[in-house]
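Enquirer:
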Amino acid sequence: MSALVDEIFRVFREQGAGAYLGEPVSMTEHMLQSAYAAEQDGAPQRLVAAALLHDYGHFIHEYEEDAAEHGIDTQHEEVAHAFLSEHFGPEVAEPIRLHVAAKRYLCATEPSYLEALSPASILSLELQGGPYSPAEVAEFGESPFAADAVRLRRYDDVGKVAGLTTPDLEHYRPVLEASIRT
Ligand code: FE
Numbered sequence: 016m017s018a019l020v021d022e023i024f025r026v027f028r029e030q031g032a033g034a035y036l037g038e039p040v041s042m043t044e045h046m047l048q049s050a051y052a053a054e055q056d057g058a059p060q061r062l063v064a065a066a067l068l069h070d071y072g073h074f075i076h077e078y079e080e081d082a083a084e085h086g087i088d089t090q091h092e093e094v095a096h097a098f099l100s101e102h103f104g105p106e107v108a109e110p111i112r113l114h115v116a117a118k119r120y121l122c123a124t125e126p127s128y129l130e131a132l133s134p135a136s137i138l139s140l141e142l143q144g145g146p147y148s149p150a151e152v153a154e155f156g157e158s159p160f161a162a163d164a165v166r167l168r169r170y171d172d173v174g175k176v177a178g179l180t181t182p183d184l185e186h187y188r189p190v191l192e193a194s195i196r197t
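Position one of the sequence shown corresponds to residue 16 (the working numbering), numbered consecutively onward.
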């Protein structure tokens, strides 16, 4: 259990210092800020864990960091899910798999959401297929994890504040350990 968290934190330390593409924070800062936002919101443990790990796919996919600028969708949500679902239950892994879908859903259903997206997020939205059609919105809503995915998405979106102080990775060790499948 601890060995898995050690491994995950090692990957954060090795891969997470790089910029979160187009945003004024590093990848690790972004994910810590997202987890902190979930925590501050009183989110259940599963969502704090999901927020901390939601972009783990950016660490382990095989593309260059600036793939989006070259028109490549790395499908980081699927990459993260493939790894994380081996170790965590669907209550953690599924909202992560759906966090890009949640963005496409919110863009289709909340005009103000689309307007507030950062330039980098608008670029990736195009690569990810753009706002959902009405049929896709309905299909997304049928997932039992849709509500959690939307909530995770909002923690993702606020985790882009330059210089914000958050707890460190170790603060979240108990949350991760409690979420690991036994
Ligand atoms: Fe993110």
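Cβ coordinates follow ideal geometry from the N, Cα and C atoms, glycine included.
Let me check you understand the geometry: is the CB of H69 closer than 7 Å to at least one non-hydrogen atom of the ligand FE?
Expert: Numbered from 1 along the sequence shown, position 54 holds the residue referred to as residue 69. Because some heavy atom of the ligand FE lies under 7 Å away, the Cβ of H69 counts as near it: yes.
Enquirer: From the DSSP output, read off the bridge partner residues of F103.
Expert: Here the question's residue 103 lines up with position 88 in the sequence shown. Residue pairing from DSSP places F103 in a beta bridge opposite I195.
Enquirer: When DSSP labels each residue in this structure, what does S13 get in the three-state scheme?
Expert: The displayed coordinates of the chain run from 16 to 197. Any statement about residue 13 would go beyond what the structure contains.
Enquirer: Do A193 and Q55 have their C-beta atoms within less than 8 Å of each other?
Expert: As a working note, residue 193 is residue 178 in the sequence shown. As a working note, residue 55 is residue 40 in the sequence shown. Cβ atoms of A193 and Q55: not closer than 8 Å.
Enquirer: Whole alpha helix (DSSP H) runs in the segment 48 to 127 with 4 or more residues, listed along the chain?
Expert: Fully enclosed alpha helix (DSSP H) runs of 4 or longer: 60 to 68, 71 to 75, 91 to 99, 105 to 112 and 114 to 124.
Enquirer: Under 8 Å, do R168 and H114 count as touching if we go by C-beta distance?
Expert: Within the sequence shown, numbered from 1, the residue matching residue 168 stands at position 153. Within the sequence shown, numbered from 1, the residue matching residue 114 stands at position 99. A contact, by the Cβ cut-off of 8 Å.
Enquirer: Quick one, are the C-beta atoms of G72 and A95 less than 8 Å apart?
Expert: Within the sequence shown, residue 72 is the residue found at index 57, counting from 1. Within the sequence shown, residue 95 is the residue found at index 80, counting from 1. Contact flag set, yes.
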